[in-house]
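Student:
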Ligand SMILES: NC(=O)c1ccc[n+]([C@@H]2O[C@H](COP(=O)([O-])OP(=O)(O)OC[C@H]3O[C@@H](n4cnc5c(N)ncnc54)[C@H](O)[C@@H]3O)[C@@H](O)[C@H]2O)c1
C-alpha cells in the first residue's frame, strides 16, 4: 500500500506501537499495515444468531449506544472497557441484569480486542481516540459502531476508511439522523427534484457552552489520565477538561464544526448527492474564533462562518456556529431552490417555505427507515453497507475538518475529491489535517 501524498513524518510519534501491542495482532506501523492481510473474521452470523459486543468508552454515548443495541434479542454485551473505573459501574449493572452474568471489564481496549468471541465493538471514546480504537478493532477482525465525527483530523479519517476496506469490516457511524424520518423524508424530497434546482444550502448550530475556568488538579485514582490523553498532546489534568468537555478543546475534539457540523452538514451533502458517495466542496473559506467566551478554558471557536463552494452541481453551503437563531431551531439544515423556496429540517421536523416564509404543503416520500442500531446489526449479518457507512461519513467528517483547517490557516483551502487530499499546501499545516502522535502511540497508515 502507498501512503498517497502523506508524509510518514507526520504520523510517526515514536517507538512502533506494534511493539507495545505485541503478538502481531494489532499492527502499529506503516510497514506493518502494508503487510497486513485481512483479519480473520468469525463465521457469518445467521439471522437468529447473537452478535457479541464489546464497548470501548463507557458512561456517555458509548453506553447510550450499548443500551440501544441491548434492546435486540440477537445482541449480547460481553465486555466493557474504560480508562476511568468510575464510568463503568452503571453499565456493568445493566449488562449483568440483562444477561444474568457480569461483563468482563478492561482498562486497555487492546486486551479486549484479543478476545475471539467478540464480533463487534462500539467506539464511544472522545474523538482523539477513534482512529486508533477503530483501526485496531478492524485489524482484530471486529465490525464496529463508531461514534461521530469519524476522526480528530483528515489524515486519520483517510486511514480509517482504507483500514476498514482492507480488512473487509462493517462500520456504522453514529450519525443516527440518517435513520430518522424527518431527515430521510426531507432528503428524499430534495433528491426527487420537487424543490427544483438548489443553489444554496445552510446548516447551523447555536453555541452557548462554557466549561469555566479550572485549575491543575491531582488525577483521581480511578482514571488512567495518560491513557485518556493517548495520542494527543499531554496537558496537565483539569477536571473541567476531561469527560464530555473535551469537545471544546482542539487537542481532543474539533469544536462544534465537527461535533454538530458532522450531523447538519451531512444532511446538506446527502440531499445534494445521489447516494452515500457525497458531493465534496472544491473550496472552503471560514472566519471566526473564540469571540464570545473569552474568560473560559475552552479554545474551540464559538463563532464560525464558513462558505463551501461545490461544483457539479454548483451550489454554496453556508455553515454557521451561531450566537443567535431567531425564529429557527437551534440547529438545522436548509436547502434553497432557484425559485426561492426553502426546505428546512431539524431534529423533530421538516417544513417547506415559500419566499415569504409561508408554509407550503409537503409530502412524506417513503416508509420510515429502520432504527440506526438495528441497521448496524442487520448489516453485520448481511455484510451490506450500513446507512452511515464509514467511507461516507468520513467524507462529511473531512468537510468539517476542512472548515477548521480554513479557519486555522486563515486562507482558502481547496479539496481534491479524486485524490482524497487537500490541493496544494494551504491547510496542511493545521491540527485539522494531521498531527504527530504522542509516544508510544502511532497511527497505522492505510491508503
Ligand atoms: N451520535 C450522537 O448523537 C453523539 C452524541 C454525543 C456524543 N457523541 C460522540 O460520542 C463520543 C463520546 O462522546 P461522550 O460525550 O460520550 O464523551 P465522554 O467523555 O462522556 O465519554 C467518553 C468515555 O470514553 C472513555 N475513554 C477515553 N479514552 C479511552 C480509551 N482509550 N479506552 C477506553 N475508554 C476511553 C472516557 O473515560 C469516557 O468514559 C464522541 O466522539 C462524541 O462526538 C455522539
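Residue numbers (the working numbering): 93 to 539. Glycine included, C-beta positions come from ideal geometry on N, C-alpha and C.
1. Nearest CA to the CA of residue 491: which residue from 269, 299, 410 and 166?
2. Within a Cβ cutoff of 7 Å, which residues of the same chain sit near residue 430, ignoring the five residues on either side of it in sequence?
3. Indicate the three-state DSSP secondary structure (helix, strand or coil) for residue 442 in the structure shown.
4. Is it true that the CB of residue 205 sits closer than 8 Å to the CB of residue 82?
5. What are the boundary residues of the alpha helix (DSSP H) that includes residue 358?
6. CB of residue 227 to nearest heavy atom of ligand 3: below 7 Å?
7. For residue 260, tell me which candidate among 267, 227 and 271 has the shortest Cα-Cα distance.
8. My output table needs one value for residue 296: the three-state DSSP class, helix, strand or coil.
9. Could you check the C-alpha separation between residue 537 and residue 441 for me, to the nearest Å?
10. Could you tell me whether the segment 365 to 372 touches the segment 307 to 321, using the rule of 3 or more Cβ pairs below 8 Å?
11. DSSP beta-bridge partners for residue 481?
12. Between which residues of its own chain and residue 486 is the CB-CB distance below 6 Å, once the five residues before and five after are set aside?
13. Alpha carbon to alpha carbon, how far is residue 454 from residue 282? Give it in angstroms, no decimals.
14. What I want to know is whether the C-beta of residue 82 ends up closer than 7 Å to one or more non-hydrogen atoms of ligand 1.
15. Determine the closest residue to residue 542 out of 200, 392, 170 and 198, with distance taken between C-alpha atoms.
16. Since I believe residue 216 is in contact with residue 149 (beta carbons under 8 Å), could you give me their beta-carbon distance rounded to a whole number of angstroms?
17. Could you check which residue in 188, 433 and 330 has the C-alpha nearest to that of residue 303?
18. In whole angstroms, what separates the C-alpha of residue 218 from that of residue 197?
Tutor: On the basis of the data shown:
1. 410
2. 288, 289 and 291
3. strand
4. In this structure the chain extends from 93 to 539, so residue 82 is not present and cannot be described.
5. 353 to 363 is the extent of the alpha helix (DSSP H) around residue 358.
6. Of the ligands this structure carries, namely ligand 1, none is ligand 3.
7. 227
8. strand
9. 41 Å
10. no
11. 264
12. Closer than 6 Å at the Cβ level, and outside the excluded window around residue 486, lie 242, 249 and 253.
13. If you draw a straight line from the Cα of residue 282 to the Cα of residue 454, it is about 11 Å long.
14. No answer is possible for residue 82: the residues shown for the chain start at 93 and end at 539.
15. The requested residue 542 is not part of the displayed model; the chain covers only 93 to 539.
16. 4 Å
17. 330
18. 19 Å
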